[in-house]
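First the structure, in the form of structure tokens, and then the observations on it.
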Amino acid sequence: MENQVDDENVDMEDVNASNLSDEQICAKLNDYETQIRIFSARKGYVKNKLDIEKESHNQMMETTQKLEEEIASIIEKIAFLEGKMLELLPCPVPHLSIILKLKLLRKDALSLLSAH
10 MENQVDDENV DMEDVNASNL SDEQICAKLN DYETQIRIFS ARKGYVKNKL DIEKESHNQM
70 METTQKLEEE IASIIEKIAF LEGKMLELLP CPVPHLSIIL KLKLLRKDAL SLLSAH
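This note's numbering applies: residue 10 is where the sequence shown begins, and numbers increase by one.
Right, dumping it as structure tokens:
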């Protein structure tokens, strides 16, 4: 059965890449990527709720403040996970989806730079 990711908590465990096999490193990178995607979706959802709250005529400051705090917390969690990913990169397996995405982003960035 696939591990479920908790959209409220982040695995704060320190991972020593030197103790992991190539497959374990790639699995960890996939786990981090999944968690980041879930937190990003959660951030979008909370931002939409905040936008609705701000547009309403009877704004509740307490609700708005809680939503803003939740967004800030999610941003911190995403930054933490991205940092953990950087500790494990580069991935030893060349066909890992995150590596392919990073290569595509790099290619796009280089093409934009050369166009100007």
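All C-beta atoms, glycine included, are put in the ideal place defined by N, C-alpha and C. Model, not experiment: these values are computed from the prediction.
Beta-carbon proximity list for residue i, same chain, < 8 Å, skipping 5 on both sides
{"i": "Lys24", "result": "A small correction: the amino acid at residue 24 is Val; Lys does not occupy that position in the sequence shown. Lys37, Lys93, Glu96 and Leu97."}
{"i": "Glu62", "result": "Gln68, Met69, Thr72, Thr73 and Leu76"}
Close Cβ partners of residue i (< 7 Å) along its chain, the five nearest in sequence each way excluded
{"i": "Ile87", "result": "Ile45, Phe48 and Ser49"}
{"i": "Glu91", "result": "Ile45"}
{"i": "Met10", "result": "Model confidence at Met10 stands at a pLDDT of 38, short of 50, so the residue's coordinates are unreliable and nothing is read from them."}
{"i": "Asp60", "result": "none"}
Residue nearest to residue i in terms of C-alpha spacing, selected from the options
{"i": "Ser82", "options": "Thr43, Ile34, Val55 and Asp60", "result": "Val55"}
For residue j and residue i, believed in contact at Cβ under 8 Å, the rounded distance
{"i": "Lys84", "j": "Lys58", "result": "In the sequence on display, residue 84 carries Ile and not Lys. 16 Å between Cβ atoms; not a contact."}
Nonlocal neighbours in the same chain, by C-beta distance under 6 Å from residue i, ignoring five residues either side
{"i": "Ser65", "result": "none"}
| Is the stretch 25–36 in contact with the stretch 73–90, if contact means three or more CB pairs nearer than 8 Å? | no
| Which full runs of the alpha helix (DSSP H) of 4+ residues lie inside the stretch 24–105, going along the chain? | 31–64 and 70–97
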